[in-house]
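The structure under discussion appears below in the form of structure tokens.
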Amino acid sequence: MVTGANGYVASWLVKRLLDEGLTVHAAVRNPDNTEKIKHLKEAAERSTGNIKFFQGDLLTAGSYKAAMEGCELVYHTASPFTIDVKDPQKDLIDPAVKGTENVLQSANHISSVKRVVVTSSCAAIYTDAIDSVNAPGGQLTEEVWNTTASLDYQPYSLSKTLAEQKAWEMAKAQDRWDLIAMNPPGVFGPPLNPHNATSESINILKMLGGGDMKMGAPRMGVGIVDVRDLAEAHFKAGFTPEAKGRYIVRAHNTDFLEMGTVLLPKYGGQYPLPKKALPKWLLMIVGPMTNKLFTRKFIRNNVNIPWKADNSKIKKELGMEFRPMQETMEDAFQVLVDEKMI
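So this is what it looks like as structure tokens:
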């Protein structure tokens with residue numbers, strides 16, 4: 001069973017499960033919205049698996065019970081992801097925490113469930129790139145938890161932290177199902193449903209290739225992973241009996257400038273991609289005026305600060321390998337070109 005089954009990450013996971021010949025119970029907000037589930041139906045038709053759609057809502061208690069009936073493995077991928085929020089508690093914290101609580105409460109009631117894989121985030125491990133510098137050994141590991149996010153500063157990171165902590169609290173309170181948490185950084189790569197392509201990574205690509213950063217891109221330390229690799233990591237986490245705990249699903253330690261420059265060989269002639277770094281002092285002056293998220297504190301803690309996360313656990317325990325960053329970025333950017341979004 002997959003919550004938020006038509007989402008960016010979940011769609012690739014559903015396809016992977018179907019290609020394995022499995023029956024997938026796909027929980028979505030509105031199963032009658034054919035436009036939003038068409039790509040999943042097509043994936044099922046091209047596979048040896050079966051798909052069944054169910055209605056599920058994060059904030060309605062018990063709404064995932066029907067979808068979970070008879071399933072041994074539950075993937076909880078549904079979560080709000082928006083940076084621009086008016087009320088962080090209502091728009092981010094409540095849906096993330098209560099949604100997790102509702103899904104796991106259903107798992108407590110459905111006796112067939114043996115494992116729950118929750119899509120958490122590296123945001124539950126850190127807030128700013130400086131946190132990775134300050135972490136033991138100068139890099140993030142599965143042992144680290146986010147302690148620097150708040151309702152007033154990076155509330156998205158707080159929502160992911162509180163939701164994952166709630167999941168572990170509920171997992172420890174029972175002994176029938178075990179919990180695995182997937183902690184990816186920024187997720188890039190082509191959406192399985194390009195006609196409904198909305199994600200923060202799409203917005204970043206638009207900024208990189210649409211001219212917003214033609215004068216230069218900030219060397220803002222981030223991590224990335226390909227959406228297809230992340231789906232594979234979820235699959236492995238579900239079907240590897242020895243899998244346990246949290247997994248950082250990081251392919252590359254990088255920054256905004258490098259993400260833009262890997263696109264130059266293929267797209268540099270047609271699109272105003274960044275070629276140089278934007279000075280930090282300049283960002284400190286103009287950043288807060290151009291984007292309310294670019295506060296001086298944010299710029300100070302992220303720009304020209306290397307971001308590092310250790311992915312040795314997932315490589316060793318789940319045998320994960322990751323595709324090159326250039327392939328991820330080019331495949332993602334090509335969707336924007338094909339869909340005339342840029």
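Numbered by our numbering, the letters in the sequence shown go through residues 1 to 342 in order. Using N, Cα and C, we set each Cβ at its ideal position, and we do this for glycine too.
Would you say the beta carbon of Lys313 is closer than 6 Å to some non-hydrogen atom of the ligand COA?
Because no ligand of any kind appears in the structure shown, any question about the ligand COA cannot be addressed here.
Considering only their Cβ atoms, is the gap separating Ala96 from Gly26 smaller than 7 Å?
Here residue 26 refers to the residue found at position 26 of the sequence shown. Here residue 96 refers to the residue found at position 96 of the sequence shown. The sequence shown places Ala at residue 26, not Gly. Taking 7 Å as the Cβ cut-off, Ala26 and Ala96 do not qualify as a contacting pair.
Pick helix, strand or coil for Asn343, following the three-state DSSP scheme.
Within the shown structure, residues of the chain are numbered from 1 to 342, placing residue 343 beyond reach of any answer.
What does a CB cutoff of less than 8 Å around Asn146 pick up in its chain, not counting 5 residues either side in sequence?
Position 146 of the sequence shown, counted from the start, is the residue given in the question as residue 146. Cβ within range, chain order: Ala123, Ala124, Ile125, Tyr126, Thr127, Asp131, Ser157, Leu158, Lys160, Thr161.
According to the Cβ coordinates, are Asp17 and Val24 closer than 7 Å?
Within the sequence shown, residue 17 is the residue found at index 17, counting from 1. Within the sequence shown, residue 24 is the residue found at index 24, counting from 1. Reading off the sequence, residue 17 comes out as Leu, not Asp. In contact: Leu17 and Val24 (Cβ atoms closer than 7 Å).
Tell me which residues share the same chain as Tyr247 and place their Cβ nearer than 8 Å to its Cβ, disregarding the 5 neighbours each side in the sequence.
To locate residue 247, count along the sequence shown from 1; it is residue 247. For Tyr247, where only same-chain residues beyond five positions count, the Cβ hits under 8 Å are Glu142, Ile180, Ala181, Met182, Asn183, Ala233, Ala237, Lys313, Ile314, Glu317, Leu318.
What residue from Asp178, His252, Met259, Trp177 has the CA that sits closest to Met213's CA?
Mapped onto the sequence shown, residue 213 falls at position 213. Per the Cα distances, Met259.
Chain-order list of residues whose beta-carbon lies under 7 Å from that of Gln174 (same chain, five-residue window excluded):
Here residue 174 corresponds to residue number 174 of the sequence shown, with the count starting at 1. Excluding positions up to five away in sequence, the list reads Asn108.
Per-residue burial, Ala61 [other beta carbons within 10 Å of its own, 16 or more giving buried]:
Sequence index remark: in the sequence shown, residue 61 carries index 61 (1-based). Exposed, by the Cβ-count rule.
Tell me the rounded alpha-carbon separation between Gly99 and Val187.
Position 99 of the sequence shown holds residue 99. Position 187 of the sequence shown holds residue 187. If you take the alpha carbons of Gly99 and Val187, they lie about 21 Å apart.
Are at least three pairs of beta-carbons, each pair with one atom in the segment 320 to 329 and one in the segment 218 to 228, less than 8 Å apart?
yes
With a threshold of 8 Å on Cβ separation, who are the neighbours of Gln105 within its own chain once the five nearest residues in sequence on each side are excluded?
Along the sequence shown, read from residue 1 onward, the residue named residue 105 stands at position 105. Closer than 8 Å at the Cβ level, and outside the excluded window around Gln105, lie Ala61, Gly62, Met170.
Can you name the start and end residues of the alpha helix (DSSP H) that Asp338 belongs to?
The residue you call residue 338 lines up with position 338 of the sequence shown. Asp338 -> alpha helix (DSSP H) spans 325 to 338.
Return the chain-ordered ranges of every beta strand (DSSP E) run that is complete within the segment 154 to 215 and spans a minimum of 3 residues.
178 to 183, 186 to 188
In the structure shown, what three-state DSSP assignment does Thr100 receive?
Here the question's residue 100 lines up with position 100 in the sequence shown. Helix at Thr100.
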